[in-house]
Amino acid sequence: MEEPFEIILPDGTVYKPKKESVVQGYDSDGKPKRMKFSPRTECERCGECCRRDTPVILKDDMELLRRGVISEKDIYTIREDEKIRSFIDGDTYYSSMELIKIRPIFGSSTCLFYDPEVGCTIYEMRPTVCREFECWSQNITITGLEARRLTRYDLFGSIDIIKEAIDKHEEKCSLNKFNDFVEEFASGKEENFEKIVEMIVYDNALREWIKEKLEIEDSVLPLLFGRSLMEIAPLYGILIEKEGENFIIKAMKEADR
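So that you can map any letter, position 156 of the sequence shown is 156 in this note's numbering, and since no number is skipped, the others follow by simple counting.
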């Protein structure tokens, strides 16, 4: 004969449910219900991945740009060797390659195209990464990213003035050099102050030059040259402020980074 199932409460008494009530997960006799699980097989538009990070744009997504689903103002460049913060675990790491991504909503990690009321506002024409990413399964990586990713050369390689400006910016404002200069400066190598300032001045000047030359808006500059050095500096533990023609570099406290 089957032994009666008992639920022992914290005070040592035995729980006895009323016949007219049912505890979630248990039947009216206090026995566990047999749960049925339906494996998830497709996107349910819950918005979880939309809120955690923004998608990388691939070559396959060029049609979205041509059709105006995504504009040049909606995307920005993460440069090779750029220090970035993971919104998943909060750690910082260096990007191993150039990536073009959709911009997040200012001050958050949420995708620009996500609306809390309706979810993804371009769902039917969402980027390839969004279609391939399966948050409900073990398939959470995008295969062949290095070969498939969209780059600035794919977009502007045939426009000489922009291509040359990108190349010059990478030469003068190399993030590999910037990383070294900042680390050495933080370790007491004060002569690196001038090198850091020189890179910042060039970074700002080139952005202003291309903006006037091509009559483009500020919102396009993060795509052409990535985020400014002044913008990403806090990730390296420093704050860069400009007062008139002078620059001030301040070391940040660990808790503020």
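Where a beta carbon is used, it is the ideal one built from N, C-alpha and C, also for glycine.
Proximal residues to residue i (C-beta, below 6 Å), its chain only, five neighbours per side dropped
i	result
H169	L206, F225
Y76	R103, P222, L223
Integer-rounded CB distance, given that residue j should sit under 8 Å from residue i
i	j	result
S95	I84	6 Å
E241	I248	5 Å
D262	K59	Any question about residue 262 goes unanswered here, given that the chain covers just 1 to 257.
F156	I142	So it is not a contact: roughly 24 Å between Cβ atoms.
C50	Y114	4 Å
E72	L223	6 Å
Identity of the residues DSSP links to residue i by a beta bridge
i	result
L251	Note on residue identity: the sequence assigns Ala, not Leu, to residue 251. Bridge partners of A251: I238.
K259	This structure cannot settle anything about residue 259, because the visible part of the chain is limited to 1 through 257.
I70	Paired residues: none, contrary to the question.
L58	R149
E243	N246
I78	L99
R85	T92
Euclidean distance between Cα positions of residue i and residue j
i	j	result
I238	K250	5 Å
Y236	V182	7 Å
S187	S219	35 Å
M62	I100	12 Å
I57	L214	24 Å
V129	L150	12 Å
I196	R79	18 Å
W136	K177	40 Å
D74	W209	22 Å
E217	R227	14 Å
P127	I162	25 Å
P116	C43	16 Å
L175	R67	33 Å
E98	T41	32 Å
N179	R152	22 Å
E245	K189	23 Å
P234	G90	14 Å
E146	E198	32 Å
Residues of its chain near residue i, where Cβ-Cβ distance is below 7 Å and the 5 sequence neighbours each way are ignored
i	result
M125	L64, V69
Y202	K172, C173
F193	F185, I249
I200	L229, M230, I240, F247
G47	Y114, G119
E132	I142
I105	L112
M252	P234, G237, I238, L239
Residue-chain proximity (residue i, chain B), Cβ-Cβ < 8 Å
i	result
E98	Judged by its chain identifiers, the structure shown contains no chain B, having just a single protein chain.
Beta-carbon proximity list for residue i, same chain, < 8 Å, skipping 5 on both sides
i	result
S109	R51, R52, D53, T54, F87
N204	S228, M230
Original post:
Can you list the alpha helix (DSSP H) stretches of 4 or more residues lying completely in the segment 98 to 132, in chain order?
Top reply: 128 to 132
Subject >> Segments of 4+ residues assigned as alpha helix (DSSP H) that fall wholly inside the segment 126 to 205 >> reply: 128 to 132, 145 to 148, 152 to 156, 160 to 172, 175 to 186
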